[in-house]
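Everything on this sheet refers to the single structure shown next.
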Amino acid sequence: MPTIFTHVVVPLAWRTATRRQRPDVRTVVTAMGLTVLPDADVIAFVAGVPYASAFGHRGFTHSIAFALVTALVALAWLRPVRTKLLSVGTFLFVAAVSHPLLDALTNGGLGVALLWPWSDARWFAPWRPVAVSPIGAHFFGARGVTVLLSEMLWIWLPLACTALVVRWRR
Ligand SMILES: [Zn+2]
């Protein structure tokens, strides 16, 4: 997985890119929560669930279906005005689904169960430039620095450039 610092960059970049229909702070914070929620499944390691199981790490919580459900729950909780329903819903879903898509760009672990419940197959992007983040306390140290630099290069920088170009063109 990329680190939580990197997952939350997605909604921040979106907010930077938008002027009209810009999500408010409460919506952005909710979206940031959605970007890190899938990794709550690391509890599966503690519970003894096999990594490759649909209920293991990068299993069902890393599916498009999970992203859709959590985005809809968040949308119901936020209750935006009717005219912002589509833009807020899209924003929340993109934030949620960005998690497994970014995980699929990493160079370690198992792939993500993107198509669960229709398929338990683990999926990786054909190109995986992002260094995978160690889980838990293993993050701190030289390996963590390497991971953060990799994420800055392959995720933060492209997102920031895209957000600024989109904002400038608008
Ligand atoms: Zn993950």
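Numbering of the sequence shown is given in our numbering, commencing with residue 1228 and proceeding in unit increments.
Virtual Cβ for every residue (Gly too), placed ideally from N, Cα, C.
Please state if the CB of residue j and the CB of residue i are separated by a distance shorter than 8 Å.
| i | j | result |
| --- | --- | --- |
| Leu1332 | Ile1291 | no |
| Leu1386 | Val1236 | yes |
| Ser1360 | Pro1229 | yes |
| Ala1340 | Phe1272 | no |
| Thr1243 | Ala1348 | no |
| Pro1327 | Pro1277 | no |
| Ala1301 | Leu1261 | yes |
| Gly1336 | Arg1370 | no |
| Ile1362 | Val1269 | yes |
| Val1357 | Ser1377 | yes |
Would you list the residues sitting across from residue i in a DSSP beta bridge?
| i | result |
| --- | --- |
| Val1357 | Thr1333 |
| Phe1350 | Per the sequence shown, residue 1350 should be read as Trp rather than Phe. Trp1350 is bridged to Val1339. |
If you follow the alpha helix (DSSP H) that residue i is in, where does it begin and where does it stop?
| i | result |
| --- | --- |
| Trp1403 | No answer is possible for residue 1403: it lies beyond the span of the chain, which begins at 1228 and ends at 1397. |
| Trp1414 | With the chain represented from 1228 up to 1397, any question about residue 1414 goes unanswered, as that position is not in the structure. |
| Leu1376 | 1369 to 1378 |
Which residue spans inside the region 1261 to 1344 form an unbroken alpha helix (DSSP H) run of at least 4? Counting whole runs of 4 or more residues, the region 1261 to 1344 contains the alpha helix (DSSP H) stretches 1270 to 1274, 1291 to 1305, 1312 to 1330.
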